[in-house]
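K.L.:
Protein chains in written order, with the working numbering: chain A, 1 to 113; chain B, 1001 to 1119.
Even for Gly, the Cβ is constructed at its ideal location relative to N, Cα and C.
The structure is given below, and queries will be raised subsequently.
Rendered as structure tokens:
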């Protein structure tokens, strides 16, 4: 069975601070994919990133960066110099041999101006 | 560029009534999915479809029915709505998932959601 754990239910930081959202996963599949989605207050789900299990290189996209570590089964997401527009619920998700996505319960991030 | 749309966006119904939520995608994606989002549970898969006329259950399929006669449409029907089905429903689609030694998972893209309230 697959499982995704986002232990941080809610996080609040002051604008311009850096913040890291944690994601720990469990899977027996040797090939798997990890995803992050953003759900802003408007409610839609916005795709942010996809990583496969063969590629442990960290990725940076503007103020966003992702740290994938197979040794600790983690796929953490860092926002640098946070902005109010980053306020949202962030979901980590996992898919393995089968096409279905398993989601974590989400982390609600609030950026305080 | 419509992408993936859902209708209605909001729906109020009564216990016992049949409700159909619509999902339409313009990308010709093979796979389509229905999820429900509830506090404390994240998103949970209800049903998915690999192609027209091919559907399969997810983890919370009881009380729901789907069909897929056309690639672009994937309606979800609550045959007899219950209060526990009050939720936000998301439809998603992705391109073909290729099986193989390594496999290949395409990204799922989500519709805007339908808020359903069952009284």
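Between residue 2 of chain A and residue 21 of chain A, how many whole angstroms is the CB-CB distance? I'm expecting something under 8 Å.
P.N.:
Their Cβ separation, rounded to whole angstroms, is 19 Å, which puts residue 2 of chain A and residue 21 of chain A out of contact at 8 Å.
K.L.:
Cα-Cα, which of B/1109, B/1047, B/1095, B/1051 is closest to residue 1021 of chain B?
P.N.:
Per the Cα distances, B/1047.
K.L.:
Taking 9 Å as the CB-CB limit, is residue 1074 of chain B close to chain A?
P.N.:
With 9 Å as the cut-off, residue 1074 of chain B does not count as an interface residue toward chain A.
K.L.:
Quick check on DSSP: helix, strand or coil for residue 1005 of chain B?
P.N.:
Here residue 1005 of chain B sits in strand by DSSP.
K.L.:
Report yes or no: do the region 1051-1058 of chain B and the region 1068-1087 of chain B share at least 3 C-beta pairs separated by less than 8 Å?
P.N.:
The region 1051-1058 of chain B is in contact with the region 1068-1087 of chain B.
K.L.:
Applying the 10 Å Cβ sphere with the 16-neighbour rule, what's the burial state of residue 1087 of chain B?
P.N.:
Looking at its Cβ environment, which holds 16 or more other Cβ atoms inside 10 Å, residue 1087 of chain B is buried.
K.L.:
What residues match up with residue 1042 of chain B in a beta bridge as DSSP calls it?
P.N.:
Paired residues: B/1038.
K.L.:
Among A/110, A/86, A/53, whose alpha-carbon lies nearest the alpha-carbon of residue 97 of chain A?
P.N.:
Nearest C-alpha to residue 97 of chain A: A/53.
K.L.:
At the 9 Å Cβ level, is residue 101 of chain A part of the contact set with chain B, yes or no?
P.N.:
Yes, because at least one Cβ of chain B sits closer than 9 Å to the Cβ of residue 101 of chain A.
K.L.:
Give me the chain A residues within the contact set of residue 1042 of chain B, using Cβ-Cβ distance strictly less than 7 Å, ordered along the chain.
P.N.:
Within 7 Å Cβ-Cβ: 91, 103, 104, 105, 106.
K.L.:
On the three-state DSSP scale, how would you describe residue 1100 of chain B?
P.N.:
Any reading at residue 1100 of chain B must be qualified, since the residue scores a pLDDT of 49, below 50, and its modelled position is unreliable; no value is offered.
K.L.:
Got a sec? Which residues, its chain only, sit under 7 Å from residue 1100 of chain B by beta carbon, not counting five neighbours each side?
P.N.:
Unreliable placement is indicated for residue 1100 of chain B, whose pLDDT of 49 sits below 50; the coordinate value is still reported in the next sentence. So no residue of the chain qualifies.
K.L.:
Should residue 75 of chain A be flagged as near chain B, meaning a C-beta pair shorter than 9 Å?
P.N.:
No, residue 75 of chain A lies away from the interface with chain B (no Cβ there is under 9 Å from its Cβ).
K.L.:
Beta-carbon of residue 1052 of chain B versus every beta-carbon of chain A: anything under 9 Å?
P.N.:
By this cut-off, residue 1052 of chain B is not an interface position.
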